[in-house]
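First comes the structure, then the notes that go with it.
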Ligand SMILES: C[S@@+](CC[C@H](N)C(=O)[O-])C[C@H]1O[C@@H](n2cnc3c(N)ncnc32)[C@H](O)[C@@H]1O
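Here's what the structure looks like:
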């Protein structure tokens with residue numbers, strides 16, 4: 026997918042998951058242990074890019090379904106090529122700030138994962154959490170510099186936590202992704 030190695034051990038092929046390329050791998054390397062990505066999980070992924078992290082979730086949720094939304098047509102072309110080889114991946118060319126345009130196809134999911142690197146990242150996430158089932162898990166990747174270039178990242182992460190809590194979600198983890206992804210944090214919530 027991106028030049029990662031494919032070591033084989035005891036006739037089983039593994040894929041290296043690079044924490045410098047994928048924030049979800051960085052979350053694990055940084056000690057994050059909230060892990061709702063079961064083999065059969067349904068996932069709504071917002072800001073899929075060319076599908077680097079999506080491809081790993083597709084491996085992990087092998088019998089689940091990943092709906093991957095991407096707004097850039099250029100990145101979407103690569104995502105489409107990936108989806109041709111992966112039966113559990115549904116690519117959507119769309120804007121995550123307008124969930125009404127794809128919500129009908131998605132229904133209710135076990136996991137909402139968002140990595141859009143936009144100023145209004147929290148409000149986009151909150152709009153999409155309507156599709157998260159009760160008891161489901163949301164991952165918001167916060168890019169501090171997208172929210173406010175001047176504020177200290179810790180303050181931006183705390184504000185994201187506060188916004189999600191005041192909307193009725195339980196915040197289970199707020200974790201910096203440094204040194205793999207500087208000025209980024211994962212905020213993990215569950216829906217009551
Ligand atoms: C940091 S990159 C994503 C990398 C990807 N999540 C990964 O780990 O492989 C952010 C992506 O979000 C997309 N994006 C930004 N705003 C968006 C929106 N409103 N709706 C959907 N995608 C958006 C950008 O086009 C870009 O591809």
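In the numbering used here, the protein residues as written are 26 to 217.
Virtual Cβ for every residue (Gly too), placed ideally from N, Cα, C.
- The shortest C-alpha to C-alpha distance from residue 206 to any of 69, 140, 194 is the one to 140.
- Residues of the same chain with a CB within less than 6 Å of the CB of residue 44, apart from the 5 flanking positions on each side, are 50, 51, 54, 205 in chain order.
- Taking 3 residues as the minimum length, the beta strand (DSSP E) runs contained wholly in the stretch 69 to 120 are 90 to 95, 114 to 118, in order along the chain.
- Per DSSP, residue 149 has no beta bridge partner at all.
- Separation of the CB atoms of residue 158 and residue 135 is rounded to 6 Å, and the pair is thereby assigned contact status at 8 Å.
- For residue 164, no alpha helix (DSSP H) encloses it; the enclosing beta strand (DSSP E) starts and ends at 157 to 168.
- Two segments are said to touch when three or more pairs of C-beta atoms, one from each, lie closer than 8 Å; by this definition the stretch 107 to 117 does not touch the stretch 149 to 163.
- Excluding the 5 residues flanking it on each side, residue 188 has same chain C-beta neighbours closer than 7 Å at 147, in chain order.
- By the criterion of a C-beta distance shorter than 6 Å, residue 32 is surrounded in its chain by 39, once the five residues flanking it on both sides are discounted.
- Burial state of residue 160 is exposed, judged by a 10 Å Cβ sphere holding fewer than 16 other Cβ atoms.
- Shown here for residue 131: same chain residues with a beta carbon closer than 6 Å to its own, the five before and five after excluded, namely 69, 92, 156 in chain order.
- If you draw a 10 Å sphere on the C-beta of residue 123, you find fewer than 16 other C-beta atoms in it, and that means exposed.
- Rounded to the nearest whole angstrom, the C-alpha separation of residue 199 and residue 186 is 7 Å.
- When 202, 214, 208 are compared, the shortest CA-CA separation from residue 56 is found for 202.
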